[in-house]
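Residue numbers (our numbering): 438 to 579.
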């Protein structure tokens, strides 16, 4: 098992309404059009992940969990790794309910999208400057 915790901020422009993805970005949110965004100004992106974690994520049998916590409220999204992951984005991480993979993809076949997160959590992260703690846990056979 490999675990990594990092931090991000909320923003009043976060709506978390996308039905198939969720995104964490190092960037600031400019408009409400990015309805998959759940965290901004993150302290890391996919390209920053440790190599050992990247290797584990690039296995089809890997289980991945992403914990999102703010203001004492927590939710977890679970999905899978993929041998097709490149993990190259220097600004973003995207969780997908589908099997689609691009350079921004962290995990595929997730059990939740942005619109399925706890709404009380979304209320917390939809405030300017709210603090968000994110933890990625990767479980892969040795």
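Glycine included, every Cβ here is placed at the ideal spot set by N, Cα and C.
- Task: Apply the 10 Å Cβ neighbour rule to residue 511 and answer buried if 16 or more other Cβ atoms are within range, or exposed otherwise.
- Result: exposed
- Query: According to DSSP, what are the bridge partners of residue 533?
  - Reply: 458
- Item | Beta-carbon proximity check, residue 505 vs residue 569, cutoff 8 Å | yes
- Message: Do residue 478 and residue 445 count as a contact pair if the criterion is CB distance below 8 Å?
- Response: yes
- To the nearest angstrom, how far is it from the Cα of residue 580 to the Cα of residue 562? With the chain represented from 438 up to 579, any question about residue 580 goes unanswered, as that position is not in the structure.
- Item | Neighbourhood of residue 551 by C-beta, 6 Å cutoff - its chain only, sequence neighbours within 5 removed | 453, 455, 459, 473 and 475
- Message: Could you give the first and the last residue of the continuous alpha helix (DSSP H) run that contains residue 562?
- Response: 556-562
- In this structure, does DSSP put residue 493 in helix, strand or coil? helix
- Task: May I ask you to report which of helix, strand or coil DSSP gives residue 479?
- Result: coil
- Message: Comparing C-alpha positions only, which one of 566, 541, 545 and 509 sits nearest to residue 582?
- Response: A question about residue 582 goes unanswered here, because the residues of the chain that appear run from 438 up to 579.
- From the DSSP output, read off the bridge partner residues of residue 442. 572
- What are the start and end residues of the beta strand (DSSP E) that includes residue 502? 500-507
- residue 512 in three-state terms, based on DSSP: strand
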